[in-house]
């Protein structure tokens with residue numbers, strides 16, 4: 051298994067891909083509108099909010115919460131656009147998605163993304 055910062059990096063890409071697929075399904079039209087809408091999901095601040103909702107509403111299993119903690123505690127870069135706590139929490143979500151991806155648990159990723167995007 052790759053180290054945790056690599057898993058979070060992969061998770062960031064996978065998360066953004068799923069969010070982009072969701073946004074394209076909305077037929078928003080212009081790229082600038084899609085980009086604006088994407089900020090509700092992909093910024094560190096929004097990732098933190100969505101992860102806290104997942105945890106507070108008991109959507110994640112105990113194992114998934116442990117994955118989040120591993121990602122949150124990962125030593126890595128720092129964000130220019132948010133505080134370190136928010137950045138680390140967002141990294142926890144990215145790590146979770148990356149870990150599920152590496153475990154070929156695409157169905158669970160879809161369930162989590164569906165919850166985040168309001169499909170519950």
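Residue numbers (the numbering used here): 51 to 170. Glycine residues also receive a C-beta, built at the ideal position from the N, C-alpha and C atoms.
TODO: Could you say which of 58, 88, 61, 57 lies nearest to residue 71 if we only look at CA atoms?
DONE: Closest option to residue 71, judged by alpha-carbon separation, among 58, 88, 61, 57: 88.
- [ ] Pull up the CB-CB distance for residue 76 and residue 162, whole angstroms please, since I reckon it's below 8 Å.
- [x] Actually they do not touch by this definition, with Cβ atoms about 19 Å apart.
TODO: Assign residue 62 to one of three DSSP states: helix, strand, or coil.
DONE: In the structure shown, residue 62 adopts helical secondary structure according to DSSP, grouped into three states.
- [ ] Could you round the C-beta distance between residue 60 and residue 148 to whole angstroms and report it? I think they count as a contact, below 8 Å.
- [x] That pair is a contact at about 4 Å.
Task: Three-way DSSP call (helix, strand, coil) for residue 78 in this model - done: Residue 78 falls in the coil class under three-state DSSP.
Open item on the list: Helix, strand or coil for residue 133? Go by DSSP, reduced to three states.
Closed with: Assigned with DSSP and collapsed to three states, residue 133 falls in coil, not helix or strand.
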